[in-house]
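Student: Sequential numbering from 1150 applies to the sequence shown in my numbering.
Just passing along the structure, written as structure tokens.
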Amino acid sequence: MSIFTGTFRLQDITIMYFTALAALVLILVASYQAPARAINPLDPSSSPRAPAPPALPMPFHVPLDPRGDLQLAWNVSYATQEVYFELTVAHIQHGVLLGMSDRGELTNADLVVLWDDGAKSYFGDAWSDAEGHVTQDQQQDYQLLEASQTPQGFHLLFNRSFSTCDPRDYLIQDGTVHIIYGLLDRPIASLDRLNLSLIQTGMQRVLMLRPDGPAPSLPPDAQTLEVLAPNVTIPGKETTYWCSVQQLPLNMPRNHIVMYESVITPGNEAIVHHMEVFECSPDIPDVPSYSGPCDDKMKPSKLNFCRHVLAAWAMGAEAFYYPPDAGLPLGGPGSSRFLRLEVHYHNPLLLSGRRDTSGVRLYYTPSLRRYDAGIMELGLVYTPIMAVPPRQRAFDLAGYCNSKCTQTALPPGGIHIFASQLHTHLAGRGVRTVLVRGGVELEVVQEDQHYSTHYQTIRMLRKMVSVLPGDVLVTKCTYNTEDRSGPTVGGFGIMEEMCANYIHYYPRTQLELCKSHVDADYLQKYFSFINRFQGRDQCVCGEAGVTQQFSALHWDPFSGEVLDSLYNNAPISMHCNQSSARLFPGQWDHQPLPEVTSVLQQPLYPCEGGRLNPGN
């Protein structure tokens, strides 16, 4: 609730007060050879300390370790560009560390560490090198606000800016953040004697920066439907995807889903990694009952037609609300009675005998809202025509929703995107969707520079994006194939690749899929050219499948560079599909590649004079 200005909320005023309060707290800044001054976090007399602030709300939280002994909660202030962290350790011995790195590596990580030498305790900002050795940072950017023993365990409250302008620090931005953690089971004489490879560590993924608006209220006639796992015995292996089928009530009338949230079986909070609810195709009149592994060969084939996403949750995600004017249709004519629940269990400790009834609780209302919400798929068509060469550190592929398609399919007033779900397979490292108007980038719809296929959830946008007829949407995915000796083609297999963004928007239109791939004739010209360049007398171009043609190439830097040039310059074929999976009327092959002027490449948090400049 905003009670002062449109910029500062009551929560922001409170956080800025705590920031000023934190400036009075003496924080040890020690050299790694011999700390200049020690503090005992549990003994206020060991260092001057401001009175403990009132309880700071921590709306976001996630268990870090598989047992749930380490709990991380946090709050975000966009006004001051800071994150406030609350770390709770159930059983602490000689210290704890928390950090962030590019993809969860223990090397080249930004760390905050609490440690002791057997007599005194220390708190400080640190970093790890390429070998995992830890060094205290000369620029101390984590501020300790509170340390105490609580009934839940040892408790630390500290904060840090999104950007510190310190090259050793991690830049906190929109998208996935890979959190690393560790516990110290023995004293260390100095921080430079700590190597992360020698202690108990782990990694967790979170969306750290979240929308800061208040949650909408539910309508008074809201009802609930729980889609739950049917008392599953969680297998004693590290990774399990469990699928089950549930039916909607018979003759359920049309409703609008207005909110959903997770329902986690107590004790399984650290094992239930993510969940999705899918509606089955209305063209399939009957889907057999099933409860078992999603990859089981005995799984009914009809479950493959249950792919329309109704809800998606990942560990650490909060409740998902639809905008006040829109809701997602559930029940009624044109819908299916059958839902598929998919639960990912992450069980690295191989715990056995755990029972689980976790799932998703849908809130729906019979009082239909003004607009139906819809889901539209952007990106690349699932085809081997789009491929990534082997041994690539960062190879980009882009899919287009061109101006012809949006001009044909969108209403005059356009659509409003309020959420999206990014998707690639194992080689994906980043996804970015940009709105283009008049040939110039206008704004970023969604971006994740640290994307992981193991952390997929529907992400609310901080700011709704309006798309007008004639606009272009470009979805670019970045892939890493350094560990692969052959090409990676597009397709449905986990070792094949996808590039998609499922945008959630309103009002719903008949446009369900707006994707592209390079013109197939130009790809054949590429094969012919590379084969001649590599001295092959015969070319199988046109006589073999695209996958076989890619595999037959000798992959060197030149063949990869030419393929990259082809994808960035050749015409495209559009898939501008209606809800019935049919193309909108018109000619969609041999379309010119949309011209895009990039203007959104400037740093997110520019620094001046070594300090953060939040005004830019």
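C-beta: ideal position from N, C-alpha, C; glycine also.
Are residue 1570 and residue 1605 close, meaning C-beta to C-beta below 8 Å?
Tutor: The residue given as residue 1570 occupies position 421 in the sequence shown. The residue given as residue 1605 occupies position 456 in the sequence shown. Cβ distance < 8 Å, so residue 1570 and residue 1605 count as in contact.
Student: Taking the Cβ atom as the reference point for each residue, do residue 1745 and residue 1623 lie within a distance shorter than 8 Å?
Tutor: By one-based count along the sequence shown, residue 1745 stands at place 596. By one-based count along the sequence shown, residue 1623 stands at place 474. A contact, by the Cβ cut-off of 8 Å.
Student: Please list, in chain order, all residues of the same chain as residue 1749 whose beta carbon is under 7 Å from its beta carbon, the five residues on each side excluded.
Tutor: For this step, residue 1749 is matched to residue 600 along the sequence shown. Excluding sequence neighbours, residue 1749 sits near 1583, 1590, 1593.
Student: Taking the CB atoms as reference points, tell me whether residue 1283 and residue 1273 lie closer together than 8 Å.
Tutor: What you label residue 1283 is simply residue 134 of the sequence shown in a count that begins at 1. What you label residue 1273 is simply residue 124 of the sequence shown in a count that begins at 1. Contact: no.
Student: By the DSSP assignment, the beta strand (DSSP E) with residue 1372 in it spans what residues?
Tutor: Counted from its first residue, the sequence shown places residue 1372 at position 223. Where residue 1372 is concerned, the enclosing beta strand (DSSP E) stretches over 1372-1377.
Student: With which residues is residue 1355 paired in a DSSP beta bridge?
Tutor: Here residue 1355 corresponds to residue number 206 of the sequence shown, with the count starting at 1. Bridge partners of residue 1355: 1326.
Student: According to DSSP, is residue 1670 helix, strand or coil?
Tutor: Locating residue 1670 in the sequence shown gives position 521, counting from the first residue. Helix.
Student: Which residues does DSSP list as the beta-bridge partners of residue 1462?
Tutor: Position 313 of the sequence shown, counted from the start, is the residue given in the question as residue 1462. Residue 1462 pairs with 1424.
Student: My output table needs one value for residue 1186: the three-state DSSP class, helix, strand or coil.
Tutor: For the purposes of this step, residue 1186 is identified with residue 37 of the sequence shown, where counting begins at 1. Caution applies to residue 1186, whose pLDDT of 39 falls short of 50 and renders its modelled position unreliable; the model cannot decide the point.
Student: What are the uninterrupted segments assigned as beta strand (DSSP E) that are 3 or more residues long and contained completely in the segment 1274-1335, given in chain order?
Tutor: Whole beta strand (DSSP E) segments, 3+ residues: 1283-1285, 1292-1299, 1302-1310, 1325-1332.
Student: On the three-state DSSP scale, how would you describe residue 1230?
Tutor: Translated into positions along the sequence shown, residue 1230 becomes position 81. Looking at residue 1230 - three-state DSSP - the assignment turns out to be coil, as it is neither helix nor strand.
Student: Count the other CB atoms, across all protein chains shown, that sit within 10 Å of the CB of residue 1427; report buried if there are 16 or more and exposed otherwise.
Tutor: If you number the sequence shown from 1, residue 1427 lands on position 278. The residue is buried, with at least 16 neighbouring Cβ atoms inside 10 Å.
Student: Where does residue 1560 sit, in a helix, a strand or coil, going by DSSP?
Tutor: Mapped onto the sequence shown, residue 1560 falls at position 411. Residue 1560: coil per DSSP, three-state reduction.
Student: Going by C-alpha to C-alpha distance, which of 1717, 1214, 1278 sits closest to residue 1417?
Tutor: To locate residue 1417, count along the sequence shown from 1; it is residue 268. Per the Cα distances, 1214.
Student: Please report the straight-line C-alpha distance between residue 1527 and residue 1558, rounded to a whole angstrom.
Tutor: Your numbering for residue 1527 matches position 378 in the sequence shown. Your numbering for residue 1558 matches position 409 in the sequence shown. Rounded to the nearest angstrom, the two C-alpha atoms are 14 Å apart.
Student: Within the 8 Å Cβ cut-off, does residue 1460 reach chain C?
Tutor: Although the question refers to chain C, the structure presented lacks it and comprises just one protein chain.
Student: Let me know if residue 1453 comes out buried or exposed under the rule of 16 or more other beta-carbons within 10 Å of its beta-carbon.
Tutor: To locate residue 1453, count along the sequence shown from 1; it is residue 304. Exposed, by the Cβ-count rule.
Student: Assuming residue 1307 and residue 1319 are in contact, meaning their beta carbons sit under 8 Å apart, how far apart are those beta carbons, in whole angstroms?
Tutor: By 1-based counting over the sequence shown, the position of residue 1307 is 158. By 1-based counting over the sequence shown, the position of residue 1319 is 170. Contact flag wrong, Cβ pair sits at about 15 Å.
Student: So residue 1487 is in the beta strand (DSSP E); what residue range does that whole segment cover?
Tutor: For the purposes of this step, residue 1487 is taken as the residue at position 338 of the sequence shown. Start and end: 1487-1495.
Student: Reducing DSSP to helix, strand and coil, say where residue 1250 ends up.
Tutor: Locating residue 1250 in the sequence shown gives position 101, counting from the first residue. Residue 1250 falls in the strand class under three-state DSSP.
Student: According to DSSP, which residues form a beta bridge with residue 1210?
Tutor: By one-based count along the sequence shown, residue 1210 stands at place 61. BP columns for residue 1210 point to 1222.
Student: Considering residue 1706, what are the terminal residues of the beta strand (DSSP E) in which it resides?
Tutor: Numbered from its first residue, the sequence shown carries residue 1706 at position 557. First-last for residue 1706: 1706-1718, but that is the alpha helix (DSSP H), not the beta strand (DSSP E).
Student: May I have the straight-line CA-CA distance separating residue 1546 from residue 1712, to the nearest angstrom?
Tutor: Within the sequence shown, numbered from 1, the residue matching residue 1546 stands at position 397. Within the sequence shown, numbered from 1, the residue matching residue 1712 stands at position 563. The alpha-carbon atoms of residue 1546 and residue 1712 are separated by roughly 11 Å.
Student: Kindly indicate which residue of 1556, 1655, 1314 has the alpha-carbon position closest to the one of residue 1735.
Tutor: Within the sequence shown, residue 1735 is the residue found at index 586, counting from 1. Comparing Cα-Cα distances from residue 1735 to each of 1556, 1655, 1314, the minimum goes to 1556.
Student: Where residue 1565 and residue 1471 are concerned, what is the direct C-alpha to C-alpha distance, given to the nearest angstrom?
Tutor: Indexing the sequence shown from 1 puts residue 1565 at position 416. Indexing the sequence shown from 1 puts residue 1471 at position 322. Approximately 12 Å, taken between the alpha carbons.
Student: Taking the beta carbon of residue 1567 as the centre, do at least 16 other beta carbons fall within 10 Å, making it buried, or is it exposed?
Tutor: Walking along the sequence shown from the start, residue 1567 turns up at place 418. Label assigned to residue 1567: buried.
Student: Quickly, what does DSSP pair residue 1597 with across the bridge? List them, please.
Tutor: Here the question's residue 1597 lines up with position 448 in the sequence shown. DSSP, once it has assigned bridges, lists 1580 as partnering residue 1597.
Student: Between 1270, 1275, 1253, 1240, which has its C-alpha nearest residue 1302's C-alpha?
Tutor: To locate residue 1302, count along the sequence shown from 1; it is residue 153. Among 1270, 1275, 1253, 1240, the Cα nearest to that of residue 1302 is on 1240.
Student: Between which residues of its own chain and residue 1200 is the CB-CB distance below 6 Å, once the five residues before and five after are set aside?
Tutor: The residue you call residue 1200 lines up with position 51 of the sequence shown. Here residue 1200 scores only 43 on pLDDT, less than 50, and its place in the model is too uncertain to base an answer on.
Student: Taking just the CA atoms, how far does residue 1488 sit from residue 1396?
Tutor: Mapped onto the sequence shown, residue 1396 falls at position 247. Mapped onto the sequence shown, residue 1488 falls at position 339. Near 6 Å, if we compare the C-alpha coordinates of residue 1488 and residue 1396.
Student: What would DSSP say about residue 1241, mapped onto helix, strand or coil?
Tutor: As a working mapping, residue 1241 is identified with position 92 in the sequence shown. Three-state result, residue 1241: coil.
Student: Considering only DSSP beta bridges, list what residue 1664 is partnered with.
Tutor: The residue you call residue 1664 lines up with position 515 of the sequence shown. BP columns for residue 1664 point to 1528, 1724.
Student: How close, in whole Å, do the beta carbons of residue 1631 and residue 1540 come, if the pair is a contact with beta carbons under 8 Å?
Tutor: Locating residue 1631 in the sequence shown gives position 482, where the first residue counts as 1. Locating residue 1540 in the sequence shown gives position 391, where the first residue counts as 1. So it is a contact: roughly 6 Å between Cβ atoms.
Student: How is the alpha helix (DSSP H) around residue 1468 delimited, first residue to last?
Tutor: As a working mapping, residue 1468 is identified with position 319 in the sequence shown. Careful: residue 1468 lies outside any alpha helix (DSSP H) and carries neither H nor E.
Student: By alpha-carbon positions, which one of 1512, 1501, 1230, 1600 ends up nearest to residue 1420?
Tutor: The residue you call residue 1420 lines up with position 271 of the sequence shown. Among 1512, 1501, 1230, 1600, the Cα nearest to that of residue 1420 is on 1501.
Student: In three-state DSSP terms, what is residue 1567?
Tutor: Along the sequence shown, one-based indexing puts residue 1567 at 418. Residue state, collapsed to three classes: strand.
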